[in-house]
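Encoded as structure tokens, the structure appears first; notes follow it.
Residue numbers (UniProt numbering): 1 to 133.
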């Protein structure tokens, strides 16, 4: 199984803000699905600029109490108005909110805990390898 499919994706109907590095606009997009490792969004109009591998920030507002999920990442695929994002950094509040969102939309808590553990292990290994160089 590939790394990009190791994490449970949930379908979640919501509007997100997408800021793509080197493009001045903040795009309003529709969230198609989200996981601990990324998201798939659709913009209201196709983006014609080549954006693959560009860094980006996606923000999903969850409620009126200012709870949100903010993912910093990179664009891993782009076709017309569909954009796939890989999460490279997510703060503690956002990961807590994302975990709750996934938990509410799936019935397998044990699998979710395994995914979280895997994600944290990979993140720690990445930091360790960067510190050694």
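Note that beta-carbon positions come from the ideal geometry of N, C-alpha and C, so glycine has one too.
All of these numbers come straight from a predicted model, not from anything done at the bench.
- Here residue 67 carries a coil assignment [DSSP, helix/strand/coil].
- For residue 95, there is no enclosing beta strand (DSSP E); the residue is part of the alpha helix (DSSP H) that begins and ends at 92-104.
- The Cβ atoms of residue 46 and residue 81 lie closer than 7 Å to each other.
- Relative to residue 90, the option among 70, 21, 66 whose CA is nearest is 70.
- Residue environment analysis places residue 22 among the exposed positions, since fewer than 16 neighbouring C-beta atoms fall within 10 angstroms of its C-beta.
- Of the candidates 73, 11, 97, 37, 73 places its Cα closest to the Cα of residue 18.
- In the three-state scheme derived from DSSP, where H, G and I count as helix and E and B as strand, residue 79 is classed as strand.
- When rounded, the separation of the alpha-carbon atoms in residue 58 and residue 106 is 22 Å.
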